[in-house]
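J.: This is the structure I have questions about; it appears just below.
2 protein chains.
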Amino acid sequence: MTDELAIQTATELGFDASATREQALADLLAQIMGAYSVSDNEGPLADAIEQFLHKQSHLTVHRHGDTVVASTSFGLPQRVILAGHIDTVPVIDNFPPRWLNPGDPLIREDVAAAHPGERVLWGRGATDMKSSDAVMLYLAAALDGEHVAPAYDLTYVFYDHEEVAAEKNGLRKVVETHPDWITGNFAIIGEPTDCGIEGGCNGTIRFDVITHGVAAHSARAWMGVNAIHKAADILNRLAAYQPADVLVDGLVYREGVNATLISGGKGTNVIPDECRVHVNYRFAPDKTIADAKALMMGADCGAELGNGEHEATGGMFAGFGIEMADESPSARPGMDSPLAVSLAKLVKERTGRDPLAKLGWTDVARFAILGIPAVNLGAGSPLLAHKHDEQLPESELALLADILTQWLVAR
Amino acid sequence: MTDELAIQTATELGFDASATREQALADLLAQIMGAYSVSDNEGPLADAIEQFLHKQSHLTVHRHGDTVVASTSFGLPQRVILAGHIDTVPVIDNFPPRWLNPGDPLIREDVAAAHPGERVLWGRGATDMKSSDAVMLYLAAALDGEHVAPAYDLTYVFYDHEEVAAEKNGLRKVVETHPDWITGNFAIIGEPTDCGIEGGCNGTIRFDVITHGVAAHSARAWMGVNAIHKAADILNRLAAYQPADVLVDGLVYREGVNATLISGGKGTNVIPDECRVHVNYRFAPDKTIADAKALMMGADCGAELGNGEHEATGGMFAGFGIEMADESPSARPGMDSPLAVSLAKLVKERTGRDPLAKLGWTDVARFAILGIPAVNLGAGSPLLAHKHDEQLPESELALLADILTQWLVAR
Numbered sequence: 001m002t003d004e005l006a007i008q009t010a011t012e013l014g015f016d017a018s019a020t021r022e023q024a025l026a027d028l029l030a031q032i033m034g035a036y037s038v039s040d041n042e043g044p045l046a047d048a049i050e051q052f053l054h055k056q057s058h059l060t061v062h063r064h065g066d067t068v069v070a071s072t073s074f075g076l077p078q079r080v081i082l083a084g085h086i087d088t089v090p091v092i093d094n095f096p097p098r099w100l101n102p103g104d105p106l107i108r109e110d111v112a113a114a115h116p117g118e119r120v121l122w123g124r125g126a127t128d129m130k131s132s133d134a135v136m137l138y139l140a141a142a143l144d145g146e147h148v149a150p151a152y153d154l155t156y157v158f159y160d161h162e163e164v165a166a167e168k169n170g171l172r173k174v175v176e177t178h179p180d181w182i183t184g185n186f187a188i189i190g191e192p193t194d195c196g197i198e199g200g201c202n203g204t205i206r207f208d209v210i211t212h213g214v215a216a217h218s219a220r221a222w223m224g225v226n227a228i229h230k231a232a233d234i235l236n237r238l239a240a241y242q243p244a245d246v247l248v249d250g251l252v253y254r255e256g257v258n259a260t261l262i263s264g265g266k267g268t269n270v271i272p273d274e275c276r277v278h279v280n281y282r283f284a285p286d287k288t289i290a291d292a293k294a295l296m297m298g299a300d301c302g303a304e305l306g307n308g309e310h311e312a313t314g315g316m317f318a319g320f321g322i323e324m325a326d327e328s329p330s331a332r333p334g335m336d337s338p339l340a341v342s343l344a345k346l347v348k349e350r351t352g353r354d355p356l357a358k359l360g361w362t363d364v365a366r367f368a369i370l371g372i373p374a375v376n377l378g379a380g381s382p383l384l385a386h387k388h389d390e391q392l393p394e395s396e397l398a399l400l401a402d403i404l405t406q407w408l409v410a411r
Numbered sequence: 001m002t003d004e005l006a007i008q009t010a011t012e013l014g015f016d017a018s019a020t021r022e023q024a025l026a027d028l029l030a031q032i033m034g035a036y037s038v039s040d041n042e043g044p045l046a047d048a049i050e051q052f053l054h055k056q057s058h059l060t061v062h063r064h065g066d067t068v069v070a071s072t073s074f075g076l077p078q079r080v081i082l083a084g085h086i087d088t089v090p091v092i093d094n095f096p097p098r099w100l101n102p103g104d105p106l107i108r109e110d111v112a113a114a115h116p117g118e119r120v121l122w123g124r125g126a127t128d129m130k131s132s133d134a135v136m137l138y139l140a141a142a143l144d145g146e147h148v149a150p151a152y153d154l155t156y157v158f159y160d161h162e163e164v165a166a167e168k169n170g171l172r173k174v175v176e177t178h179p180d181w182i183t184g185n186f187a188i189i190g191e192p193t194d195c196g197i198e199g200g201c202n203g204t205i206r207f208d209v210i211t212h213g214v215a216a217h218s219a220r221a222w223m224g225v226n227a228i229h230k231a232a233d234i235l236n237r238l239a240a241y242q243p244a245d246v247l248v249d250g251l252v253y254r255e256g257v258n259a260t261l262i263s264g265g266k267g268t269n270v271i272p273d274e275c276r277v278h279v280n281y282r283f284a285p286d287k288t289i290a291d292a293k294a295l296m297m298g299a300d301c302g303a304e305l306g307n308g309e310h311e312a313t314g315g316m317f318a319g320f321g322i323e324m325a326d327e328s329p330s331a332r333p334g335m336d337s338p339l340a341v342s343l344a345k346l347v348k349e350r351t352g353r354d355p356l357a358k359l360g361w362t363d364v365a366r367f368a369i370l371g372i373p374a375v376n377l378g379a380g381s382p383l384l385a386h387k388h389d390e391q392l393p394e395s396e397l398a399l400l401a402d403i404l405t406q407w408l409v410a411r
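Protein sequences, first through last, are from chains A and B. Letter 264 of the first sequence, counting from 1, is numbered 264 in UniProt numbering, and no numbers are missing. Letter 43 of the second sequence, counting from 1, is numbered 43 in UniProt numbering, and no numbers are missing.
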């Protein structure tokens, strides 16, 4: 129970039939954390998950690449999707994982204070998001329609390449190639939320705001036009911007417009003929991408991904050149759907926490595009995601399993 | 006389004893232009110049690296230095040189219009500055104190590595290693000025103006502080700057403060924690480097080359971080010295041109540091320097030789 030695890399997932639920959850988590699965290396873990799910006779299992999808067919009127990515960000001396006993100096003070006397699983993926994966695997076995009968049909999605570029995202690929695998009335993504609900997500667009000048030797600057000086008003408009708080379906989303990169100039003695300010607008789910672009560059600017520079005809950067770099839609939280309302009520009872707006972009937006209301709900602290000292107090596994079981089974 | 064939590479410099002055000047120019001497390749041309000067029995010849210095010892009360660099910028299909006859389409329209019916020497170095070098070589032979007696002792400096980094500059090296070779009451540098006088030069300092912020994910921008937004006021101050015209010793110098480079940010989704604006201040010769720095960053800022970032305590960028990158002093035009006055009077008579301020930094500043008044006066158009179609109408050689001979000989 309190073995501090390194956990061996799992080649097979499973738990003893006589194990308690707590023991089964702990074993599953230790096994999948022991499987190295930094993005691009998900294969062995996907194999183990596929084998584990195949053993559950009530599930139909599909695989595309390193994404595994398993569905029940109980004939129930509604279907809930439980999704978790199985890749992690790169390790930072935090693989393989270890169980830490109470008092171990590797346990963070905030974790120890909130969970005194509790052992902690430490290592890459502990919060983002192998703890939620472990709970979902456990539920995939336990909610078998025989020993435990859920109120909804269920689809489990374990997917690859969430931590890297969107083009590699396994959930995106399955949605595009096998849309019939991903259907349902509600989806839960197990991103770490400390077992609270975080709903929807801001959208994001990125673009260059561009000024042009005329190059000249800096000893004869008046022969040229300084493009960097012309960028002063771009930065003035950015500096004057006040982040807006926007209420959508009862949740508050904070927007933001920020320069993230700036570049200009060709040499230390040359009047610069171009300056580019890379701007990121994070917009609330009350806006479409088109709405967001209209606010930044005017509705008829004409700048699209890959079509070069266009002059902003209106909006915050009216009069400057615009070149689009990236765009991802927002997702409404869907907190007005009956399933979301009942889940939020239960989470409030168990944790005292009200739903919060998700500010970063997450895969809930993919479900939103499909018309499936989705929320983030997972074990572990979002503040520890990607950190060197990622860790999970063991009781969070049972808490998440409790909440999901109670909500999926009770009517 | 009108041979358009490529001129053969010179291995020896000289002209026929029976040649006219015009023929001697043309031969010398064709010979030294035929010697390839892009910076780092000055050796063979320096050898030929050294041999040519050694043949003049009235000269004492020294050599340091590829810089050749030759001096008279007539025992006259004043000494004038004539200096020219022998290197060129890289060739652009303009080597070897060619004589062009009137009507040749390679002759620029502006040159043909100003010099109708005149042949033109075309190729790398024609104006910058082998034409002036040819005139100085001719004078080195002709002003021998016997057939022609100059009014001043003379020192000729033919130096290497002017077109590249200052650390390689041959004049700088000789001044540092053999300061006794470079003494005098007045100096003329043969940089192309169309046979006008350009005096003094602006000084230049370059430095980074720096803002600091706090990095954060751009989805939670309010957790950070945006260093690029903080740079707005740097650009505002630059954009508001009006170039000052400063009168020094009768010549007008235009100053300038310009951003030449800007950079900031670490990623498209990260609030930037630093922004750097690279600023170039070109200041008139009424100011020292210390004066210039006081105007930009306050007199007691403390920023020096290589000592990192210091906060500006005053001046244009008060309150921002400063890191020094480069500094070169200005040079007063010295137009109030009696030698400069008499030279300017003669140039005005011969060309109708008043002295102008030199705005870029040139080697006259090296003489200014030594306390030697110096001006630029040379054959050829400064606008053709470094161009592909560098070329010189032949009569400019005689014009420059005339002006210098008359001034150096007449009392």
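We put the beta carbon where it would ideally sit given N, CA and C, even for glycine.
In chain B, which residues lie with their C-beta within 7 Å of the C-beta of ARG206 of chain A?
T.: Correct list: THR268.
J.: Taking the alpha-carbon positions, what's the LYS348 of chain A to SER218 of chain B distance?
T.: Cα to Cα, the separation comes out at about 29 Å.
J.: Within the 8 Å Cβ cut-off, does ALA221 of chain A reach chain B?
T.: For ALA221 of chain A, the answer is yes, since a Cβ of chain B falls inside 8 Å of its Cβ.
J.: What is the DSSP secondary structure of ASN236 of chain A, reduced to helix, strand or coil?
T.: Of the three classes helix, strand and coil, the one that applies to ASN236 of chain A here is helix, per DSSP.
J.: Between THR193 of chain B and chain A, is the shortest Cβ-Cβ distance under 8 Å, so that the two count as touching?
T.: With 8 Å as the cut-off, THR193 of chain B does not count as an interface residue toward chain A.
J.: Taking the alpha-carbon positions, what's the GLU118 of chain A to PHE15 of chain A distance?
T.: Near 21 Å, if we compare the C-alpha coordinates of PHE15 of chain A and GLU118 of chain A.
J.: Based on the DSSP output, what are the partners of residue 494 of chain A in its beta bridges?
T.: In this structure chain A extends from 1 to 411, so residue 494 of chain A is not present and cannot be described.
J.: Give me the chain A residues within the contact set of PRO243 of chain B, using Cβ-Cβ distance strictly less than 9 Å, ordered along the chain.
T.: Simply ALA221 and TRP222.
J.: According to DSSP, simplified to helix, strand and coil, what is ALA259 of chain A?
T.: Strand at ALA259 of chain A.
J.: Pull up the DSSP beta-bridge partners for HIS85 of chain B, would you.
T.: DSSP output for HIS85 of chain B lists B:TYR159 as bridge partner(s).
J.: Using a Cβ-Cβ distance cut-off of 8 Å, determine whether GLY264 of chain B contacts chain A.
T.: It does; some Cβ of chain A falls within 8 Å.
J.: Classify ASP67 of chain B: buried if its beta carbon has 16 or more other beta carbons within 10 angstroms, exposed otherwise.
T.: For clarity, residue 67 of chain B is Thr in the given sequence; the question names Asp instead. Its Cβ being crowded by 16 or more others within 10 Å, THR67 of chain B is buried.
J.: Express the C-alpha separation of SER57 of chain B and VAL214 of chain A in angstroms, rounding to a whole number.
T.: One C-alpha to the other measures close to 53 Å.
J.: Three-state secondary structure (DSSP) at VAL164 of chain A?
T.: Three-state DSSP puts VAL164 of chain A in coil, outside helix and strand.
J.: Does the stretch 134-145 of chain B come within contact of the stretch 199-215 of chain B, defined as at least 3 CB pairs closer than 8 Å?
T.: No, because fewer than three Cβ pairs between the stretch 134-145 of chain B and the stretch 199-215 of chain B fall closer than 8 Å, the two stretches do not touch.
J.: Mind pulling the chain B residues with CB within less than 8 Å of ARG282 of chain A?
T.: Under the 8 Å cutoff, chain B gives SER218, ALA219 and ALA221.
J.: Can you list, in chain order, the residues of its chain with a C-beta nearer than 7 Å to that of GLN8 of chain A? Leave out the 5 residues immediately preceding and following it.
T.: Reliability of the predicted coordinates at GLN8 of chain A is poor, the pLDDT of 48 falling under 50, and no value is obtained from them.
J.: Are at least three pairs of beta-carbons, each pair with one atom in the stretch 107-115 of chain A and one in the stretch 356-375 of chain A, less than 8 Å apart?
T.: Because the criterion of three Cβ pairs below 8 Å is not met, the stretch 107-115 of chain A and the stretch 356-375 of chain A do not touch.
J.: What residues of chain B sit near HIS229 of chain A, judged by a beta carbon separation below 8 Å?
T.: Neighbours of HIS229 of chain A on chain B, chain order: LEU235, LEU238, ALA239, ASN258 and ALA259.
J.: Rounded to the nearest angstrom, how far is the Cβ of HIS386 of chain B from that of ASP194 of chain B, given a contact under 8 Å?
T.: Actually they are not in contact, since the Cβ atoms of HIS386 of chain B and ASP194 of chain B sit about 16 Å apart, beyond 8 Å.
J.: Pop quiz: TYR253 of chain B and PRO285 of chain B are said to be a contact at Cβ under 8 Å. What is the actual Cβ separation, rounded to whole angstroms?
T.: Confirmed, about 6 Å.
J.: With a threshold of 8 Å between beta carbons, is ASN376 of chain B in contact with chain A?
T.: It does not: the Cβ of ASN376 of chain B has no partner Cβ on chain A nearer than 8 Å.
J.: Just how far apart, CA to CA, sit THR72 of chain B and ASN101 of chain B?
T.: Cα to Cα, THR72 of chain B sits roughly 38 Å from ASN101 of chain B.
J.: With a threshold of 6 Å on Cβ separation, who are the neighbours of HIS278 of chain A within its own chain once the five nearest residues in sequence on each side are excluded?
T.: Closer than 6 Å at the Cβ level, and outside the excluded window around HIS278 of chain A, lie ASP208, THR260 and LEU261.
J.: Determine whether the Cβ of HIS386 of chain B lies closer than 8 Å to any Cβ atom of chain A.
T.: By this cut-off, HIS386 of chain B is not an interface position.
J.: Check this for me: beta carbons of GLY84 of chain A and GLY190 of chain A, under 8 Å apart or not?
T.: Yes, Cβ-Cβ distance for GLY84 of chain A and GLY190 of chain A is below 8 Å.
J.: Which word fits LEU400 of chain B, buried or exposed, when buried means at least 16 other C-beta atoms lie within 10 angstroms of its C-beta?
T.: That one is buried.
J.: So ILE271 of chain A contacts chain B; which residues on that side make the cut at Cβ distance below 8 Å?
T.: Chain B residues near ILE271 of chain A: ASN258 and THR260.
J.: Determine whether the Cβ of LEU247 of chain A lies closer than 8 Å to any Cβ atom of chain B.
T.: Cβ-Cβ to chain B under 8 Å: no for LEU247 of chain A.
J.: Unbroken beta strand (DSSP E) runs of length 3 or more, entirely within the stretch 85-131 of chain A: which are they?
T.: Qualifying beta strand (DSSP E) stretches, in chain order: 98-100 and 120-122.
J.: Closer than 8 Å, CB to CB, is ASN169 of chain B near chain A or not?
T.: So, not an interface residue.
J.: If you run the structure through DSSP and keep just helix, strand and coil, what is LEU54 of chain A?
T.: Looking at the sequence shown, residue 54 of chain A is not Leu but His. Note: HIS54 of chain A maps to helix in three-state DSSP.
J.: Within 10 Å of its beta-carbon, does LYS345 of chain B have 16 or more other beta-carbons around it, so buried, or fewer, so exposed?
T.: Exposed, because fewer than 16 other Cβ atoms sit within 10 Å of the Cβ of LYS345 of chain B.
J.: Examine the ligand FAD and report whether any of its heavy atoms sits within less than 7 Å of the Cβ of ARG172 of chain B.
T.: No copy of the ligand FAD appears in this structure; indeed no ligand is present at all.
J.: For ASP336 of chain B and ALA294 of chain B, I'd like the C-alpha separation in whole angstroms.
T.: Those two C-alpha atoms are separated by around 27 Å.
J.: In chain B, which residues lie less than 8 Å from TRP361 of chain A when you measure between Cβ atoms?
T.: The contacting residues are ALA219.
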